[in-house]
Amino acid sequence: MNRHQIRVARLSYLTRVRTVLAQGCAIDLDPRVTPVGSCLTTVLAQAPITLVVRGEGASSVWLMVRSSFASYLATWLVDACTEYRGDTG
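Note that numbering that gives the first Met the number 0 gives residue 52 to position 53 of the sequence shown, counting from 1, and the numbers run on in steps of one.
Structure representation (structure tokens):
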């Protein structure tokens with residue numbers, strides 16, 4: 000698989016990244032279980048992904064997904080974030 004077949008979504012500055020991802024992921028995303036530097040292959044909303052925890056707490060996560068799933072996953076993420084719009088905590 001070459002680099003053009005993978006898309007990376009950088010989820011930063013979203014205070015509830017782990018909460019949002021937990022809606023569609025079976026992996027335990029608690030910072031004690033998946034600390035900074037963790038790299039996991041899993042399924043998010045039925046799309047295969049690689050999840051990389053890049054920042055402290057819940058502040059920065061990268062999702063690597065095949066190009067064919069990128070649009071679907073972006074739409075799912077927007078929908079999953081809707082309930083937290085305007086939430087500062």
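Note that CB positions come from ideal geometry on N, CA and C, so glycine has one too.
Treat the numbers as computed from the prediction; the structure is a model and nothing was measured.
Curious, which full-length alpha helix (DSSP H) runs of at least 4 residues does the stretch 25–86 contain? Taking only runs of at least 4 residues, the alpha helix (DSSP H) segments lying wholly in the stretch 25–86 are 66–80.
Beta-carbon proximity of residue 52 to residue 35, cut-off 8 Å: Residue numbering aside, residue 52 sits at position 53 when the sequence shown is read from its first letter. Residue numbering aside, residue 35 sits at position 36 when the sequence shown is read from its first letter. With respect to the 8 Å criterion, residue 52 and residue 35 are classified as neighbours on the basis of their beta carbons.
With DSSP as the reference, label residue 6 as helix, strand or coil. Here residue 6 is taken as the residue at index 7 of the sequence shown, counted from 1. Residue 6: strand per DSSP, three-state reduction.
Take the Cβ of residue 48 as the centre, count every other Cβ of all protein chains shown within 10 Å, and call the residue buried at 16 or more, exposed below. In the sequence shown, counting from the first residue as 1, residue 48 sits at position 49. That one is buried.
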